[in-house]
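Okay, so here's the structure we're looking at.
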Amino acid sequence: MAAPLLALLDGTIADVTSPLVRADDLGVVRGDGVFDATLVRRGADGAPHVRDREAHLDRLERSAEILQLPAPDRAGYQRAIDALVAAWDFDARPEALIRLVLTRGPESGGDPTAFALMAPLAGSAVEERERGIAITLLGRGHDGDEVAAMPWLLPGAKSLSYSINMAAKRHAVQHGFDDVVFVAPSGRLLEGPTSTLVIDRGGRLLTPSQDGILASITLEHLMRDAPHAGLEVAFAALEPADLLSADGAWLLSSGRLLAAVTSVDGEPLPRSPLDGELRRILDV
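Spelled out as structure tokens, the structure:
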């Protein structure tokens with residue numbers, strides 16, 4: 014895997030192997046910080062494009078506000094993104110992810126830590142776009158609307174505290190699956206560790222209600238552009254039976270973009286006849 018590129022908010026490219034974060038940084042010792050990530054790749058015009066750049070910066074700002082962090086230096090992150098894109102070798106690695114990171118800074122006091130990191134998109138993400146993914150359903154301790162009423166649980170924030178999400182994905186892989194969709198105690202479907210669920214029910218596109226769920230920028234993209242193709246995406250209270258009886262389903266995310274769900278806990282799921290249209294809409 015090619016080495017990632019690191020940029021500071023003044024627009025300089027830094028040595029990714031040199032120390033940047035202090036050992037007592039609260040982002041390291043407590044996961045006290047936020048991040049966002051967006052895909053960068055060449056467009057049809059041959060120029061590199063940062064997908065939904067402004068929307069990801071907006072979400073970084075919302076996440077920082079939820080955690081009561083200082084407002085991100087938006088202009089600085091713009092400089093960092095531009096520097097990374099200018100320095101990236103798109104011939105060698107045509108798709109990459111840029112992560113925007115902001116922590117509370119050193120525990121002993123000081124400025125927040127802020128940087129942007131660009132790394133190649135994982136080959137598995139590209140493969141899963143094409144072949145689809147096998148998912149498993151795993152329980153999560155709270156219903157979405159319960160979390161929404163508990164601001165101390167940081168609903169809607171993309172925080173650095175991602176250990177549970179990553180543990181869920183590791184559990185899935187260890188048991189022969191590619192990814193996860195969480196299920197609330199009420200039995201309602203929620204989201205994946207790093208993705209959003211959309212199902213096709215008789216030509217209607219449905220996605221779980223987003224109470225207490227991180228707002229998906231890829232879903233927003235789909236909801237904005239689907240009507241131009243005669244499709245509509247609606248929020249709904251979905252349960253596992255809705256997924257298992259669907260005409261197809263997908264997981265959406267900023268890096269992988271769109272991956273068809275091929276099975277749920279070993280039960281095969283058909284590929285939706287709308288799969289090609291959603292790929293066109295999302296420019297997969």
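Quick note: the working numbering has the sequence shown finishing at residue 297, numbered continuously throughout. Just so you know, even glycine gets a beta-carbon here, dropped at the ideal spot from N, CA and C. These numbers come from a predicted model, not from an experiment.
Please identify the residue among the options whose C-alpha is closest to the C-alpha of residue i.
i           : options            : result
residue 239 : 258, 226, 223, 211 : 211
residue 155 : 33, 204, 114, 32   : 204
residue 15  : 38, 52, 107        : 107
residue 93  : 178, 70, 105       : 70
residue 131 : 125, 152, 101, 137 : 101
residue 272 : 259, 288, 279, 281 : 288
residue 44  : 87, 29, 82         : 82
residue 28  : 97, 68, 244        : 97
residue 89  : 74, 78, 181        : 74
residue 2   : 209, 55, 231       : Examination of residue 2 is not possible in this model, given that the chain is present from 14 through 297 alone.
residue 145 : 293, 295, 281      : 281
residue 247 : 263, 221, 234      : 221
residue 136 : 91, 123, 268, 36   : 268
residue 32  : 23, 24, 19         : 19
residue 198 : 153, 244, 279      : 153
residue 112 : 181, 91, 233       : 91
residue 60  : 87, 72, 99         : 99
residue 120 : 284, 286, 36, 188  : 36
Is residue i near the ligand NAP, going by C-beta to nearest heavy atom under 7 Å?
i           : result
residue 276 : In terms of ligand content, the structure shown is empty, and the ligand NAP therefore cannot be addressed.
Going by the DSSP bridge assignment, what does residue i pair with across the sheet?
i           : result
residue 248 : 220
residue 263 : 211, 273
residue 116 : 46, 126
residue 100 : The partner list for residue 100 (beta bridge, DSSP) is empty, contrary to what the question assumes.
residue 195 : 151
residue 51  : 111
residue 133 : 109
residue 61  : 55
residue 36  : According to DSSP, residue 36 bridges with nothing at all.
Is it the case that the Cβ atoms of residue i and residue j are separated by a distance below 8 Å?
i           : j           : result
residue 277 : residue 291 : no
residue 186 : residue 151 : no
residue 6   : residue 118 : Any answer about residue 6 is impossible in this case: the structure gives the chain only from 14 up to 297.
residue 114 : residue 127 : yes
residue 192 : residue 260 : no
residue 64  : residue 80  : no
residue 173 : residue 274 : no
residue 190 : residue 147 : yes
residue 66  : residue 103 : no
residue 124 : residue 24  : no
Give me, in chain order, the residues of the same chain whose beta-carbon lies closer than 7 Å to that of residue i; leave out the 5 immediate sequence neighbours on both sides.
i           : result
residue 207 : 178, 266
residue 21  : 27, 93, 128
residue 294 : 235, 238, 239, 242
residue 17  : 29, 130, 131, 132
residue 182 : 192, 193, 206
residue 263 : 211, 271, 272, 273, 274, 291
residue 188 : 149
Measure how close the beta-carbons of residue i and residue j come, nearest whole angstrom, since I'm counting them as under 8 Å.
i           : j           : result
residue 110 : residue 171 : With 8 Å as the limit, residue 110 and residue 171 do not qualify as a contact, their Cβ atoms being about 14 Å apart.
residue 251 : residue 219 : 6 Å
residue 142 : residue 297 : 6 Å
By Cβ distance, which residues of its chain are closer than 8 Å to residue i, with the 5 residues on each side in sequence left out?
i           : result
residue 84  : 74, 77, 78
residue 215 : 260
residue 217 : 245, 247
residue 34  : 40, 41, 116, 126
residue 200 : 252, 253
residue 105 : 15
residue 284 : 145, 261, 273, 275
Excluding the 5 residues flanking residue i on each side, which residues of the same chain have their C-beta closer than 6 Å to its C-beta?
i           : result
residue 209 : 229, 232, 265
residue 72  : 49
residue 167 : 79
residue 249 : 219
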